[in-house]
Amino acid sequence: MKKLAILSATALFALATVQVGAQGQAAIRESQMRKKELKSDLKTEKKTLRTLKASEVRNASKTQFAADFGEMPDVQWSKSKTFDVATFTKDGETTKAYYDSESKLLGTTTPTTFDYLPMTGQKRLKAKYKDYSIGKVFFFNENEAYENTEEMELYGTPFEHLDHYFVELNKGSSRIVVKVTKEGDVSFMTKLTN
Numbered sequence: 000m001k002k003l004a005i006l007s008a009t010a011l012f013a014l015a016t017v018q019v020g021a022q023g024q025a026a027i028r029e030s031q032m033r034k035k036e037l038k039s040d041l042k043t044e045k046k047t048l049r050t051l052k053a054s055e056v057r058n059a060s061k062t063q064f065a066a067d068f069g070e071m072p073d074v075q076w077s078k079s080k081t082f083d084v085a086t087f088t089k090d091g092e093t094t095k096a097y098y099d100s101e102s103k104l105l106g107t108t109t110p111t112t113f114d115y116l117p118m119t120g121q122k123r124l125k126a127k128y129k130d131y132s133i134g135k136v137f138f139f140n141e142n143e144a145y146e147n148t149e150e151m152e153l154y155g156t157p158f159e160h161l162d163h164y165f166v167e168l169n170k171g172s173s174r175i176v177v178k179v180t181k182e183g184d185v186s187f188m189t190k191l192t193n
């Protein structure tokens, strides 16, 4: 009888140990799953924060703008894919200043008219795109004081860091942009979507 009692007690102890072990394993698995969920949540939060920071205009660009142009009361800031862009009025014209990732001025764009293009460029453009009507025209003025290593981009298309005129041309529902150099060379830049 004593053996039976000891055997029963041992069996109960073993059963309790197995049950506690199983509960412990379940708790460990649950803890590991919760840890994975928290890591995933943290990763998502960090990604969201990076996106928000990437969409913010850098304070250094705003400071550099004030040094470049002085205090402009009507400046509006926006963020393109790669640049901080300040839109403001200068000499009665809407001007845009583009700052790179180091908050250095790459250049400015200012509206102009077809008549301001070099005469050679006007003739070449009229000959090459005679069926098109002239739309918006603006001038990109490169900041020659800064040796830029980033690619400048307008209309979603990169171009050389030189002074250029950009002319939007229309033909029916087709809209394109051409680039005109100060020497009068004309080249296709991109097609615009409506």
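To convert, note that position 42 of the sequence shown is 41 in numbering that gives the first Met the number 0; the numbers rise steadily by one, no gaps. The C-beta atom is built at its ideal place from N, Cα and C for all residues, glycine as well. As the structure is a computational prediction, the values presented were derived from the model and not from experiment.
- In this structure, the CA atom of T192 is about 34 Å from the CA atom of Q63.
- Between the stretch 141-152 and the stretch 168-175, the count of Cβ pairs shorter than 8 Å is below three; the stretches do not touch.
- In chain order, V166, E167, L168, N169 and R174 place their CB closer than 8 Å to the CB of G134, counting only its own chain and leaving out the 5 sequence neighbours on each side.
- Of the residues G183, Q24 and M32, the one whose Cα lies closest to the Cα of T119 is G183.
- The three-state secondary structure of E182, taken from DSSP, is coil.
- Distance between T180 and N142, taken at the CA atoms: about 16 Å.
- Annotated three-state conformation of R174 is strand, per DSSP.
- A straight-line Cα-Cα distance of about 10 Å links T88 and Q75.
- DSSP places A144 in no beta strand (DSSP E); its state is neither H nor E.
- Annotation for T107: T94, A96 and N140 place their beta carbon closer than 6 Å to its own, counting only its chain and skipping 5 residues before and after.
- Here DSSP, grouped into helix, strand and coil, assigns E92 to strand.
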